[in-house]
Every structure is written in C-alpha cells, then in structure tokens.
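All residue numbers for the sequence shown refer to this note's numbering, where the first residue is 998 and numbers rise by one.
Each residue gets a CB set at the ideal place from its N, CA and C atoms; glycine is no exception.
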Amino acid sequence: MKKITSLLAAVLLLTACEKQIDIDIDDTESQVVVKAANEVDNPMSVDLTYSRPAFGSYYIRYSEDYFQKITDATVSMSINGGSEISATRNGGTYTFAHIPQPGEELSLSINIPGKDEVTATATVPQRPVISNLDTSYADNDYDYYPQMQLSISFTLDDQASTDDFYSIRLCEVDTFINIHRDNYGNTISTDTSVNNYYLYFNCTDYLLVSNTNIDLDDPTGTRTFSGTEMLFTDATINGMNHNIKISGYYDSYGGGDIYEKTSDSTIFRSGLRLEVTALSRDLYLYRQTMNSYSDDELLGFFSEPVQVHSNITGGIGIFGVSAKTTLPVPIRKVSYE
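So, in structure tokens, the structure goes:
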C-alpha cells in the first residue's frame, strides 16, 4: 500500500508541474504570387496577389477575396528578346494584347512600388500531333445500372529535337439547350450552357507511366496510372510515333455515358473529347507538384509536405504556357427519350 501511495504522489507531482514556453516564430513579409498558366490561341494574362502569413487570420467572409489582389503593378513582357509590351489591368488580372505562338521565348517583368522586380521566363511548346484515334467499347451490367467499358488508342508523334512534357485528359462535355415557349407552345428563345468534367481513366504504358501506385496483388507488378490527368515526359519515347492506350468505365447515372435526351423544354447532349496538351517545362513541374499536393491533402493529418514548383524570381508562383490538341472521341450514342 505504501508503494502505491508513493507512486500516486509522484504522478500527481509531475502532472502538477507546468511551464510556459514562448516560441518566437518569424512571421515573414507577404510575397508576390504570380499565376499565369496560359494557352496557345488565347491572350496572355497574369493574376497577381500577395501571399498570406502562415500564422495569420484565415477567417473568410462571404464574397471576400482570400488573397489580397495587387492592383498597383506595372507588368510588361518581351517576346524573343524584342521590345517590351505592356499589360492592361482589370482588378488583379493583367492582360496582354498578345496571343502566344509555339516556339516563342517569353520574358515577364513585374514592378510594384516598394518591392524588388519580379521576373520569369517561359518557352511556348509546339502543339501535340495526334493521329490514328480509335475507340472500342463493351457493355457491362453491374447491379441495377449499366456501365460501359471504353478503350481509346491513338498515336503521339513526338519531336526528336526538344524535351517535351505532356498531359492527357479525358473530358465529358454536357450541353444543355433550354427551350423557352409562350402559352401557345411556340418557341420564344433558346439558351445554351456547357459543363465540362474530367473523367478517371487507366493507363498501363510502361514507357509513360511514372510515380504511380503499383498493384501489389498483381504478380507481374504492372505499373498503372489511374486518375483524371496523366503527366509524362518524352524521355523514353523521344522522336518516336508512340501508340498510347487508355481505358475506363463510365455509367449513365454518374454522367459518364454518351447519350442524348430530349424533352419538351430541354435538349441534353453528352459527349467525350480527348485532350493531349504540351506543357512548358515549369508548367509541367508545377502541375505535377499540385497533383501531388491534392493527393496528399486527402490524407489529412498523415499527409507529407509538398514543395510546389515555382519559376518566379523575386516571388512565388508559375509563369507557363501550354498548347492543346483536342479531338472528339467517336463512340456509340445511347438515346433516352
């Protein structure tokens, strides 16, 4: 009994000890954040904001901006080392009257009162060359709704003279045509809205797939990509005409099936398109780290820190350009009346 009493006293003594430790955390000055992920055939634009302090207030009120926009910057850009052109401002967005073209070398300059100059460079990639697009499908009935297995194959004609960076996505395009009628049933007007969704797909091409999960239950150790965007380089296919295959399952209840539905007031059409995009090197690395961040974020407390790639000197963020080739995916249409 004496031993138990002594042990209890020791525990109470330890738990009663309390010491306050002050930690001096350096709350650094806000940095200039640049977001400029542009596409060929569209005018160049740059979004500028300030970063938030790591230990600042994160309270967000309805309709307020989470990050402070930069509205007093002078933004200019030179093309292939030529004279600079200036951007016009609308809020925190700065737009150039220039549409990027493949092969151009772009140099960005941002000057903000009281700040050091912020700079970045990017090379506009060549548009991907795609050929021999082919599709096949198979119906599969699971439980109470139908699914469709879709396989797509195509040839990517890679350039031998450059290091190229690519993205593949499969996009569902849903078009809603709303018909407005008068009391007599006559059409007064129509309006159209379009929704785009990126769908999950799989790829087992060992020359392309990297940094993905391996199915340990598979004795062959097949490396498989599964997601909505597959990023890869041409390191193993440089200069080749490489055939790529992707596959996935889609169901009408989840919006993946391809169909058309007509009613008295609405026409709804759904279709698929293949998007193959060439990315500037830094934009590729930025997208790669952002995808890793999104994956780790799902793990919550157990996630690992992700260093998001930046090519901004004097700030953080991304200045990059992409060139996209989009092809409609021909596939059987299912009609629901």
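Asked, Found
"DSSP-derived helix/strand/coil call for N1108", "strand"
"Limits of the unbroken beta strand (DSSP E) element including A1034", "1029-1036"
"Other residues of its chain near Q1098: CB distance less than 8 Å, five sequence neighbours each side excluded", "V1037, V1121"
"Closest by C-alpha distance to R1379, when choosing among I1241, T1172, T1233", "Residue 1379 cannot be examined here, being either before or after the span of the chain that is shown, 998 to 1334."
"Status (buried if at least 16 other CB within 10 Å, exposed otherwise) for S1080", "exposed"
"C-beta atoms of N1175 and S1262 nearer than 8 Å", "yes"
"Neighbourhood of Y1091 by C-beta, 6 Å cutoff - its chain only, sequence neighbours within 5 removed", "V1043, V1072, A1084"
"With 16 other Cβ atoms within 10 Å as the buried cut-off, status of E1169", "buried"
"N1288 (DSSP reduced to helix, strand or coil)", "helix"
"Per DSSP, cross-strand counterpart(s) of H1239", "L1153"
"Boundaries of the beta strand (DSSP E) in which R1266 is found, first to last residue", "1263-1276"
"First and last residue of the uninterrupted beta strand (DSSP E) at N1193", "1184-1195"
"Neighbourhood of S1277 by C-beta, 8 Å cutoff - its chain only, sequence neighbours within 5 removed", "A1119, T1120, V1121, P1122, F1162, G1317, V1318, S1319"
"Alpha-carbon to alpha-carbon, G1224 and G1245", "10 Å"
"As assigned by DSSP and simplified to three states, the class of Y1091", "strand"
"Three-way DSSP call (helix, strand, coil) for L1324 in this model", "strand"
"N1192, buried or exposed, once every other Cβ within 10 Å from all chains shown has been counted against 16", "exposed"
"Same chain only: Cβ atoms within 6 Å of H1306, ignoring 5 sequence neighbours per side", "L1282, Y1283, T1286"
"Span of the beta strand (DSSP E), counted from its first residue to its last, around R1178", "1162-1178"
"Among T1152, F1173, S1267, nearest to T1187 - alpha-carbon criterion", "F1173"
"Cut-off 7 Å between Cβ atoms - residues of its own chain near K1032, not counting five sequence neighbours on either side", "D1044, G1314, I1315"
"Of the residues G1089, T1152, L1271, S1106, the one placed nearest N1238, counting alpha carbons only", "T1152"
"Cα-Cα separation, T1310 to T1116", "5 Å"
"Through-space distance from S1158 to T1323, alpha-carbon basis", "23 Å"
"Inter-residue spacing [alpha-carbon to alpha-carbon] between D1337 and S1148", "No answer is possible for residue 1337: the residues shown for the chain start at 998 and end at 1334."
"Status (buried if at least 16 other CB within 10 Å, exposed otherwise) for D1231", "buried"
"Terminal residues of the beta strand (DSSP E) in which T1233 lies", "No beta strand (DSSP E) holds T1233; DSSP gives it neither H nor E."
"C-alpha gap between P1040 and L1103, whole angstroms", "13 Å"
"Counted within 10 angstroms of its Cβ, other Cβ atoms place L1204 as buried (16 or more) or exposed", "exposed"
"Rounded separation between D1160 and I1185 - CA only", "54 Å"
"Rounded separation between M1227 and S1164 - CA only", "6 Å"
"Where the beta strand (DSSP E) containing L1204 begins and where it ends", "Unbroken run through L1204: none, as it is neither H nor E."
"C-alpha gap between L1271 and V1126, whole angstroms", "13 Å"
"Inter-residue Cα distance where the pair is S1048 and V1029", "6 Å"
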